[in-house]
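Everything on this sheet refers to the single structure shown next.
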Amino acid sequence: MRNLIIGNILSFIAAVFLGISCYAKDRKKIFTYQLVNCATYTVASYFFGTYAAITTLIFCCIRSILIMKDRYTSTAAYILVIAVIAFGIMANNRGIVGLLPVIASVVYNLCCYYITDPHLTRYSILINELIWVTYAFIIKDFSTGISDTIIIIVDITAIIHYHNKLSTENIL
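First residue of the sequence shown: 268, per our numbering; consecutive thereafter.
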């Protein structure tokens with residue numbers, strides 16, 4: 268029970284940084300906040316005993332650093348995808364459920380390479396969060412499940428705000 272409480276506290280802190288990233292206007296800032304999110308959630312995953320998530324999140328931290336330094340090349344993207352799949356499967360101790368972080372990370376790694384527009388990055392965050400929310404509730408990470416549901420709402424709000432702003436600008 269103690270590990271579950273500690274994991275939920277750390278997950279909540281991680282979720283705050285992910286929420287902040289939804290409103291960042293600059294790609295590097297988005298990934299700076301996501302780096303802190305991933306690092307904190309990596310530690311939280313230890314307390315949940317979810318080893319596939321730990322390995323995939325470590326590679327997510329590496330991805331964020333590479334993006335922040337403008338070194339996320341196609342080679343780096345594909346190496347990270349292969350590493351996430353290989354190490355995620357090897358470390359998986361949760362069966363099919365343990366594959367959800369691997370799937371989410373692979374999809375998001377590819378989106379991070381192919382999508383450079385900050386607005387479109389929000390869409391990829393949305394898809395990624397839907398997978399992570401499902402995973403969170405299954406492993407009893409209620410803090411992440413609830414906070415990521417809120418982040419999904421925040422992300423949708425940011426997307427709607429962006430589209431409304433575009434509509435207003437196009438009218439004027």
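C-beta: ideal position from N, C-alpha, C; glycine also.
Taking the alpha carbon of residue i as the point to measure from, which residue in the options has its own alpha carbon closest?
i                 : options                           : result
alanine 320       : Thr424, Ile272, Gly362 and Tyr390 : Gly362
arginine 294      : Ser331, Thr340, Ala425 and Ala358 : Ser331
valine 348        : Val364, Tyr318, Cys379 and Gly365 : Cys379
phenylalanine 354 : Thr322, Leu387 and Phe279         : Thr322
arginine 269      : Thr340, Ala311 and Cys289         : Ala311
tyrosine 339      : Phe279, Asn376 and Phe284         : Asn376
glycine 316       : Asn431, Leu302, Ile272 and Ser288 : Ile272
serine 288        : Leu277, Ser278, Ile352 and Leu302 : Leu302
isoleucine 329    : Ile346, His386, Tyr290 and Glu436 : Ile346
isoleucine 276    : Lys296, His430, Glu436 and Phe314 : Phe314
isoleucine 392    : Thr416, Ala358, Glu436 and Asp408 : Thr416
When you compare the CB positions of residue i and residue j, do they come within less than 9 Å of one another, or not?
i              : j              : result
valine 400     : isoleucine 370 : no
alanine 281    : cysteine 305   : yes
glycine 286    : serine 372     : no
alanine 425    : tyrosine 290   : yes
serine 278     : threonine 299  : no
isoleucine 334 : leucine 367    : no
Would you mind giving the Cβ-Cβ distance between residue i and residue j, rounded to the nearest angstrom? I have them listed as a contact below 8 Å.
i              : j            : result
aspartate 337  : arginine 389 : With 8 Å as the limit, aspartate 337 and arginine 389 do not qualify as a contact, their Cβ atoms being about 20 Å apart.
isoleucine 480 : valine 374   : The question about residue 480 has no answer, for the chain in this structure spans 268 to 439.
Tell me the start and end of each unbroken alpha helix (DSSP H) in the stretch 404 to 429 that is at least 4 residues and wholly inside, in chain order.
Entirely contained in the stretch 404 to 429, not one alpha helix (DSSP H) run reaches 4 residues.
* Asked: Taking only runs of the beta strand (DSSP E) that begin and end inside the stretch 294 to 354, which ones reach a length of at least 3 residues, in chain order?
  -> You should have found no qualifying run.
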